Every structure is written in C-alpha cells, then in structure tokens.
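The sequence shown: position 103 = 253 (this note's numbering), numbered continuously.
Here a beta-carbon is modelled for each residue, glycine too, at the ideal position from N, C-alpha and C.
Here the structure is a predicted model, which means the values were calculated and not measured.
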Amino acid sequence: MDVLLRQWGQERAAPEWVAPVRSPLGDAEQWMGGGRATGGSAGLGPLVAYAQHSRVCRLVDEALRSLSDLREEGGLGGRGAVLYTLAKVRYVHVGEAPSVAAQLKELKVSERSYRVQVDELHQALAVRLKAALAGLAA
C-alpha cells in the first residue's frame, strides 16, 4: 500500500497538465460551411488547461475520499477524515517527503498514534481497493 500511496501522492502533487488545441481541420470545416468548428479552445490559458490524473490515481483518490463517508454509508466517519488527512500529509508533497517529525507536528499526534494510523490507513485502503477492483471486474 505504501508504494501505491506514494505514486498517488506524486501524481496529486504534480499532475500532468492537458490543454485542448484547436484543430486545423475543424477550422477548415467551419469556413467551408460545414458547421461549427470541432477543435478546442482559441487559447491555451489557465481556464482551458486541466489536470489529468491516471485511472489508478483516481481510483485510489475515490477510495480514500470514501473513508470519510458516514458509517451508515460504509465509511469510517470522522476517523476516515483523519486517515484521509494523514494520507495527504504523508504522501502528497512536491520534492522530498517531510520528515516523520514534521508530519507528527502537523498532525498533532504522537509517534505511536501515527504508526497505528498509518497501519489503519493501509488496511482500510486495501479493503476499499479490493472491493472497487472486484466491482470493475464484475
């Protein structure tokens, strides 16, 4: 789970940026009376660009977010929100990972609690991903 979450964190911190580009064929079709252009936007400004995450990243992200769902909905409620926050602090960063001491300070927990929460996060995520993958296969 740790390797998978590190990959998720790297992709969340530095996603691939995609921007639609106008199609010359679409422009030609429009000027020849074929209707509206089928190309992208006129510019490549920040409003047009969007982050693109891999399917695995999206699957992990959905599983992590589902931890915060109410218990009646299959989530862990407040405990799930704590685990999701832990995942973001531990895995989502640009450059070098923050030290465990820095993570403990940010999360305001003891090292023992931190280790228990990391184990709990990995177990809860494994269960959710297994269920999600079984649902995709069905």
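For residue i, name the three-state secondary structure that DSSP assigns.
{"i": "G224", "result": "coil"}
{"i": "L217", "result": "coil"}
{"i": "V232", "result": "helix"}
{"i": "E212", "result": "helix"}
{"i": "V250", "result": "helix"}
{"i": "V239", "result": "helix"}
{"i": "K258", "result": "coil"}
{"i": "V206", "result": "helix"}
Using 8 Å as the threshold, is the C-beta distance between residue i and residue j below it?
{"i": "E261", "j": "L233", "result": "no"}
{"i": "L236", "j": "L220", "result": "no"}
{"i": "S216", "j": "G228", "result": "no"}
{"i": "A290", "j": "L275", "result": "Here the chain comprises residues numbered 151 to 288, so residue 290 is not present and cannot be evaluated."}
{"i": "Q253", "j": "V239", "result": "yes"}
Rounded to whole angstroms, what is the Cα-Cα separation between residue i and residue j?
{"i": "R156", "j": "Y241", "result": "5 Å"}
{"i": "H272", "j": "M151", "result": "6 Å"}
{"i": "V259", "j": "V250", "result": "11 Å"}
{"i": "S263", "j": "E223", "result": "26 Å"}
{"i": "R208", "j": "V268", "result": "20 Å"}
{"i": "Q160", "j": "V153", "result": "11 Å"}
{"i": "A287", "j": "A281", "result": "10 Å"}
Tell me the residue span of the alpha helix (DSSP H) that contains residue i.
{"i": "V266", "result": "261-287"}
{"i": "E161", "result": "152-163"}
Say whether chain D places a C-beta atom closer than 8 Å to the C-beta of residue i.
{"i": "Q253", "result": "No chain D appears in this structure, which consists of one protein chain only."}
Can you give me the Cβ contacts of residue i inside the same chain, cut-off strictly under 7 Å, excluding the 5 residues immediately before and after it?
{"i": "V245", "result": "Checking the sequence, you will find Gly at residue 245 rather than Val. Hits under 7 Å: none found."}
{"i": "P248", "result": "none"}
{"i": "L197", "result": "Note that L197 scores a pLDDT of 46, beneath 50, so its modelled location is shaky and nothing firm can be said."}
If I measure Cβ to Cβ from residue i and keep anything under 6 Å in the same chain, skipping five residues before and after, which residues do I get?
{"i": "V210", "result": "W158"}
{"i": "L279", "result": "A213"}
{"i": "R162", "result": "V242"}
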